[in-house]
Amino acid sequence: MQSFASSRAIGALVLREMATTYGRTPGGYIWALLEPMAAVALLSWIFALAFDSPPLGRSFALFYATGYLPFAFYSDLAEKIGVAMRFSKPLLSYPALTWADTILARFLLNAFTHFGIILCVLVVICTIEDVVPANILLCAAGIALASLCGMAFGTLNTFLFEAFPVWERIWAILNRPAFIVSGVLFLPDSVPEPFDDLVWLNPLVHAISVFRSGVYSGYQPATVDLYFATIVPAAVLVVGLVCLSLHARSSMWLN
-18 MQSFASSRAI GALVLREMAT TYGRTPGGYI WALLEPMAAV ALLSWIFALA
32 FDSPPLGRSF ALFYATGYLP FAFYSDLAEK IGVAMRFSKP LLSYPALTWA
82 DTILARFLLN AFTHFGIILC VLVVICTIED VVPANILLCA AGIALASLCG
132 MAFGTLNTFL FEAFPVWERI WAILNRPAFI VSGVLFLPDS VPEPFDDLVW
182 LNPLVHAISV FRSGVYSGYQ PATVDLYFAT IVPAAVLVVG LVCLSLHARS
232 SMWLN
């Protein structure tokens, strides 16, 4: 009975999130789809002017889509989950709603939204370029790793943003170079020494590389470590959940 009540609470939160996030402007979901398409098109156009071919394959659009889409998945999840508690703070006074419900609702809505966006964008690009992804399971694994990173850092930030408000500004500064150093615009394999080992310390680099290896036949970067890419964000997620559990229903969430 308690699990049923929790499911209803999560469902209600998801509907509320849909209305507030995508229902405020006409064609909310259409804009959610057009934004990554426009970003990929802009990246492709800019780099096509500077280079004869992308670092992998022949299509600039496909290469930058395979980097940008997993990164956008991570980035949006981390951002939306990070402020989940603040967004739903007035509702936490109700006994039927817990902090876990608010985080899970945001994760489910944004994860399914981005999964649909990735599917649509890839179908359009692969149809235009006449390309068939090499391994759908590897594509799914890359997206799963990106979503784990977003869930992990978003959950930890949910606590840190409320406990230490200055951390939100610090995180924004620290996270800005992530787009550049996560392998969106380049192949991590091509990074020269001594920076090549440092690049692979970023779990998001592994997620993007796994996704690309699922799209491109024959691309299998030897440095990809699925265990590392799973254990690091999983550890961050556990830390975030423990911190939230210790402070659940405290004045920090209710005032």
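Per my numbering: the sequence shown ends with 236, consecutive numbering throughout.
For every residue, glycine included, the Cβ atom is placed at its ideal position computed from N, Cα and C.
Quantities reported herein were computed from a predicted structural model and do not represent experimental measurements.
Exercise. Exposed or buried, which one is alanine 59 when buried takes at least 16 other CB atoms within 10 Å?
Worked result: Residue 59 sits at position 78 when you count from the first residue of the sequence shown. It is buried - the Cβ of alanine 59 has at least 16 other Cβ atoms within 10 Å.
Problem set entry | N- and C-terminal bounds of the alpha helix (DSSP H) containing alanine 81 | Locating residue 81 in the sequence shown gives position 100, where the first residue counts as 1. That run of the alpha helix (DSSP H) goes 80 to 110.
Exercise. Leaving out five residues before and five after phenylalanine 44 in sequence, what residues of the same chain have Cβ atoms less than 7 Å from its Cβ?
Worked result: Taking the sequence shown and counting its residues from 1, one reaches residue 44 at position 63. Once the five neighbours on either side are set aside, the close Cβ partners of phenylalanine 44 are Pro35, Pro36, Leu37 and Gly38.
Exercise. Which of the three DSSP states, helix, strand or coil, is assigned to valine 213?
Worked result: For the purposes of this step, residue 213 is taken as residue 232 along the sequence shown, with counting starting at 1. Valine 213 falls in the helix class under three-state DSSP.
Problem set entry | Identity of the residue in Val223, Gly199 and Arg193 nearest proline 51 by Cα | Residue numbering aside, residue 51 sits at position 70 when the sequence shown is read from its first letter. The shortest Cα separation from proline 51 among Val223, Gly199 and Arg193 belongs to Arg193.
For this session: State buried or exposed for proline 214, treating a residue as buried only when at least 16 other CB atoms are found within 10 Å of its CB.
Result: Translated into positions along the sequence shown, residue 214 becomes position 233. It is buried - the Cβ of proline 214 has at least 16 other Cβ atoms within 10 Å.
Exercise. Should methionine 66 and glutamate 143 be called a contact, given that it needs their Cβ atoms to be closer than 7 Å?
Worked result: If you number the sequence shown from 1, residue 66 lands on position 85. If you number the sequence shown from 1, residue 143 lands on position 162. Cβ distance < 7 Å, so methionine 66 and glutamate 143 count as in contact.
Problem set entry | Member of Gly195, Ala42 and Asp178 whose CA lies at the smallest distance from the CA of threonine 108 | Taking the sequence shown and counting its residues from 1, the one referred to as residue 108 is at position 127. Checking every option, the nearest Cα to that of threonine 108 belongs to Ala42.
Problem set entry | Backbone CA spacing between alanine 20 and leucine 90 [nearest angstrom] | Looking up residue 20 in the sequence shown gives position 39. Looking up residue 90 in the sequence shown gives position 109. Taking the straight line from one Cα to the other gives about 22 Å.
Problem set entry | Backbone secondary structure at tryptophan 152 - three-state DSSP | As a first step, residue 152 is located in the sequence shown; it is residue number 171 there, counting from the start. DSSP places tryptophan 152 in helix when its eight states are reduced to three.
For this session: Using three-state DSSP, classify serine 171 as helix, strand or coil.
Result: Sequence index remark: in the sequence shown, residue 171 carries index 190 (1-based). Note: serine 171 maps to helix in three-state DSSP.
Exercise. Does the pairing of the stretch 16 to 30 with the stretch 121 to 138 give three or more beta-carbon distances under 8 Å?
Worked result: no
For this session: Starting from the C-beta of phenylalanine -15, find all residues in its chain whose C-beta is less than 8 Å away, skip the five residues before and the five after it, and write them out in chain order.
Result: Position 4 of the sequence shown holds residue -15. Note that phenylalanine -15 has pLDDT 45, beneath the 50 cutoff, so the model's placement of it is unreliable and the number below is only indicative. Cβ within range, chain order: n/a, list empty.
Exercise. Taking serine 190 as the reference, which of Ser163, Asp178 and Val219 has the closest Cα?
Worked result: Along the sequence shown, one-based indexing puts residue 190 at 209. Ranking Ser163, Asp178 and Val219 by Cα distance to serine 190 puts Ser163 first.
Exercise. Where does histidine 187 sit, in a helix, a strand or coil, going by DSSP?
Worked result: Indexing the sequence shown from 1 puts residue 187 at position 206. Residue state, collapsed to three classes: helix.
Problem set entry | Residue from Val165, Pro175, Ser128 and Leu185 with nearest C-alpha to serine 25 | Position 44 of the sequence shown, counting from 1, holds the residue named residue 25. Nearest C-alpha to serine 25: Val165.
Exercise. To the nearest angstrom, how far is it from the Cα of glycine 63 to the Cα of leucine 103?
Worked result: The residue given as residue 63 occupies position 82 in the sequence shown. The residue given as residue 103 occupies position 122 in the sequence shown. The alpha-carbon atoms of glycine 63 and leucine 103 are separated by roughly 28 Å.
Exercise. What's the gap between the Cα of serine 40 and the Cα of valine 113?
Worked result: Counted from its first residue, the sequence shown places residue 40 at position 59. Counted from its first residue, the sequence shown places residue 113 at position 132. When rounded, the distance between both Cα atoms is 13 Å.
Exercise. From what residue to what residue does the alpha helix (DSSP H) around phenylalanine 134 run?
Worked result: Locating residue 134 in the sequence shown gives position 153, where the first residue counts as 1. 117 to 144 is the extent of the alpha helix (DSSP H) around phenylalanine 134.
Problem set entry | Presumed contact (8 Å Cβ cut-off) between phenylalanine 167 and histidine 187, rounded CB distance | Here residue 167 is taken as the residue at index 186 of the sequence shown, counted from 1. Here residue 187 is taken as the residue at index 206 of the sequence shown, counted from 1. With a Cβ gap of about 15 Å, phenylalanine 167 and histidine 187 do not count as contacting.
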